[in-house]
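Data first, discussion second: the structure below is written as structure tokens.
In the numbering used here, the protein residues as written are 174 to 485.
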């Protein structure tokens, strides 16, 4: 999952999950078969939807538009909360990057408060068939999918959103990234994430932790581990990482950390996938810097729930 969510590494507690692999259906096709850059054609789920920009609680800024060019049921939805109030969500395109990639973000609005942007920005290869869509799912959640049809570990991305009643805003509950051929985990469409204890995955998790402990003093390892972080965030990230490494040197603490990483405390789940854990744990030929790059490519240093929400 190359470059996935590198901007949110600042939470800095390394997630290596330990949940039992879920039963998955064959890989699903991308949400849209429409032409490149189209808004898509997937269903919007149980929430009501609106395609009229005039009904939203925000004004589009200069250079902004809805993904695909206009508001539709897949890029603009009304999400009815448990208290009966409505949150409007829209996928906004801000234009192209210097490399020609389509870029944008998810915007939210609830009556009586200013509109705000939610979660990670998306960046999609406009030369490939690509998509972005919103869909309401059970458990009072909304699924935000985006991706492109290409050979890469971050071809498909999904963010499960929830309403934080205390903060009075939409926040990220969980996020997932995979290749174009990967099947999405079932919790994305059920709206409920559960981690079942998995002894084999937990053991692989502890091997990965042990490898990090062994490599912590290697300068190339440290450079590779934090290379994609924002320069201003890097010192704090390294200090936080060093603090945790000190406790991971003992088996019991490493095991506790693996169990926490597989819990609902974290928004990231990529190290909760047994296959990825096993690949990292069993590839003994990797040098420390190669190992660090593999960790980063598989999602980096995933973020604790509290840190992710503080960042939004």
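Here a beta-carbon is modelled for each residue, glycine too, at the ideal position from N, C-alpha and C.
Note that the coordinates shown come from a computational prediction; the quantities given were computed from them, not determined experimentally.
First and last residue of the uninterrupted alpha helix (DSSP H) at residue i
| i | result |
| --- | --- |
| residue 231 | Premise fails: residue 231 is in no alpha helix (DSSP H) and is neither H nor E. |
| residue 301 | Element bounds for residue 301: n/a, residue is neither H nor E. |
| residue 448 | 447-455 |
| residue 426 | 424-434 |
| residue 470 | 461-470 |
Residue i - containing beta strand (DSSP E), residue span
| i | result |
| --- | --- |
| residue 275 | 275-283 |
Counted within 10 angstroms of its Cβ, other Cβ atoms place residue i as buried (16 or more) or exposed
| i | result |
| --- | --- |
| residue 254 | exposed |
| residue 312 | exposed |
| residue 468 | buried |
| residue 345 | buried |
| residue 215 | For residue 215, the predicted structure reports a pLDDT of 34, less than 50, and the residue's modelled location is therefore unreliable. A value from the coordinates is still provided. The residue in question, residue 215, is buried, as its Cβ has 16 or more Cβ neighbours within 10 Å. |
| residue 294 | exposed |
| residue 442 | buried |
| residue 202 | Note that residue 202 has pLDDT 47, beneath the 50 cutoff, so the model's placement of it is unreliable and no number is given. |
| residue 261 | buried |
| residue 241 | buried |
| residue 340 | exposed |
| residue 232 | exposed |
| residue 422 | exposed |
| residue 327 | buried |
| residue 266 | buried |
| residue 457 | exposed |
| residue 292 | buried |
| residue 308 | buried |
| residue 460 | exposed |
| residue 321 | buried |
| residue 455 | exposed |
| residue 275 | buried |
| residue 247 | buried |
DSSP bridge partner residues for residue i (one or two, in chain order)
| i | result |
| --- | --- |
| residue 349 | 331 |
| residue 266 | 238, 277 |
| residue 314 | 310 |
| residue 253 | 259 |
| residue 344 | 335 |
| residue 319 | 305, 330 |
| residue 168 | Any question about residue 168 goes unanswered here, given that the chain covers just 174 to 485. |
| residue 437 | Paired residues: none, contrary to the question. |
Can at least three beta-carbon pairs, one atom from the region 345-360 and one from the region 372-385, be found at a separation below 8 Å? no
With three or more C-beta pairs closer than 8 Å as the rule, is the region 447-459 touching the region 411-420? no
Please confirm if the region 356-365 is in contact with the region 405-414, defined as three or more CB-CB distances below 8 Å between the two stretches. no
If we count Cβ pairs, one from each stretch, closer than 8 Å, do we get three or more for the region 359-366 versus the region 376-396? no
Please specify which runs of the alpha helix (DSSP H), each continuous and at least 4 residues long, are wholly inside the region 356-421, giving them in chain order. 360-363, 372-388, 392-399, 407-421
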